[in-house]
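So the structure is just underneath, and the comments pick up after that.
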Amino acid sequence: MKGGMMKRIATFNRLHLVGVVVCAALTVACAFAQEREVKKDVPYVPTPQTVVDEMLKLANVSKGDVVYDLGCGDGRLVITAVKNYGARRGVGVDIDPQRITESNENAKVAGVTDRVRFAVQNLFETDFKEATVVTLYLLPDVNLKLRPKLLRELKPGTRIVSHAFDMGDWQPEKTVTVEPGGQRLFLWTVPAKTGSAATTGNVP
Ligand SMILES: C[S@@+](CC[C@H](N)C(=O)[O-])C[C@H]1O[C@@H](n2cnc3c(N)ncnc32)[C@H](O)[C@@H]1O
Numbered sequence: 044m045k046g047g048m049m050k051r052i053a054t055f056n057r058l059h060l061v062g063v064v065v066c067a068a069l070t071v072a073c074a075f076a077q078e079r080e081v082k083k084d085v086p087y088v089p090t091p092q093t094v095v096d097e098m099l100k101l102a103n104v105s106k107g108d109v110v111y112d113l114g115c116g117d118g119r120l121v122i123t124a125v126k127n128y129g130a131r132r133g134v135g136v137d138i139d140p141q142r143i144t145e146s147n148e149n150a151k152v153a154g155v156t157d158r159v160r161f162a163v164q165n166l167f168e169t170d171f172k173e174a175t176v177v178t179l180y181l182l183p184d185v186n187l188k189l190r191p192k193l194l195r196e197l198k199p200g201t202r203i204v205s206h207a208f209d210m211g212d213w214q215p216e217k218t219v220t221v222e223p224g225g226q227r228l229f230l231w232t233v234p235a236k237t238g239s240a241a242t243t244g245n246v247p
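Residue numbers (the numbering used here): 44 to 247.
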């Protein structure tokens, strides 16, 4: 091969390499930027499957229930509710698009896509009025911030189960500890809407 041609090939290879490196750097930068853009109130920590089962049993999930998981992670609570506990429908919302992609994939694998819906949404802006059961694995201050909306918007009789964290001075009607992990679960039932509690969402 002529010397000129060799030089041109070498230059092309160098430019190609620079291009690949720049592309890789941009991809990583975009991934970091996306991660930073998702402002979460709670980090992602999945509930172990044994605890998922105990939460759904505590809420007495059965045929006819509409189960909402606020901050649904990979969708395991909602998917288990419809697949193994006969819930009519399940809805999961999560602020992180990656979690919703995983939830949809998991619903496909479980064969329940016709009975679940997952959406990228802030749980503080979610319309969950139709729920008969709400599941939570958030943080103490997030539970407290959410409490007035739960009390105002959920129908009387709706069950709320929280993994790990309580609701301050709204006393749970039942608390259980799941062994061997020692996870604590709390159950409340939304009371009849009487007096100012109906509009203020104050603790009954
Ligand atoms: C501790 S994880 C619980 C996941 C799932 N519920 C479970 O029990 O396996 C909390 C989830 O809430 C989501 N999250 C945090 N802030 C949120 C918000 N403001 N609105 C909706 N989801 C949120 C996180 O992305 C994360 O997936």
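Just so it is clear, CB atoms sit at the ideal spot from N, CA and C, and this is done for glycine as well.
CB of residue i within 7 Å of CB of residue j, strictly
i    : j    : result
E216 : L230 : yes
K126 : A153 : yes
A162 : V136 : yes
L166 : G114 : yes
Any non-hydrogen atom of ligand 1 closer than 6 Å to residue i Cβ
i    : result
P140 : no
P183 : no
Y180 : yes
L166 : yes
D84  : yes
P91  : no
D212 : no
V88  : yes
D137 : yes
D96  : no
D209 : no
G225 : no
D112 : yes
G36  : Residue numbering for the chain in the displayed model covers 44 to 247; residue 36 lies beyond these limits and cannot be assessed.
Contact belief for residue i with residue j at Cβ below 8 Å, rounded distance in angstroms
i    : j    : result
D139 : Y87  : 7 Å
G116 : R132 : Not a contact, Cβ separation roughly 18 Å.
T144 : V177 : So it is not a contact: roughly 23 Å between Cβ atoms.
G129 : S105 : 6 Å
Contacting residues, own chain, Cβ-Cβ under 7 Å from residue i (five flanking each side not counted)
i    : result
V95  : R119, L120 and T123
K100 : none
F208 : L181, L182, P183 and N186
R227 : A207, T218 and T220
T156 : A150
K236 : P199
K83  : I138 and D139
V81  : I138 and D139
Beta-carbon proximity list for residue i, same chain, < 8 Å, skipping 5 on both sides
i    : result
M98  : T90, L120, T178, V204, H206 and L228
L189 : L113, L166, F167, L179 and L181
V109 : A130, R131, R132, G133, V134, E173, A174, T175 and V176
6 Å CB neighbourhood of residue i in its chain, flanking five on each side removed
i    : result
V233 : L197, P199 and T201
A102 : V176, R202 and V204
M210 : N186 and R190
Q164 : V136
R160 : V134
Checklist entry - Hey, which unbroken runs of the alpha helix (DSSP H) at 4 residues or more fall wholly within the segment 108-133? => result 119-127
Next on the checklist: Threshold first: 3 residues or longer. Then list the beta strand (DSSP E) segments lying entirely within the segment 158-208, N to C.
Outcome noted: 159-163, 176-179 and 202-206
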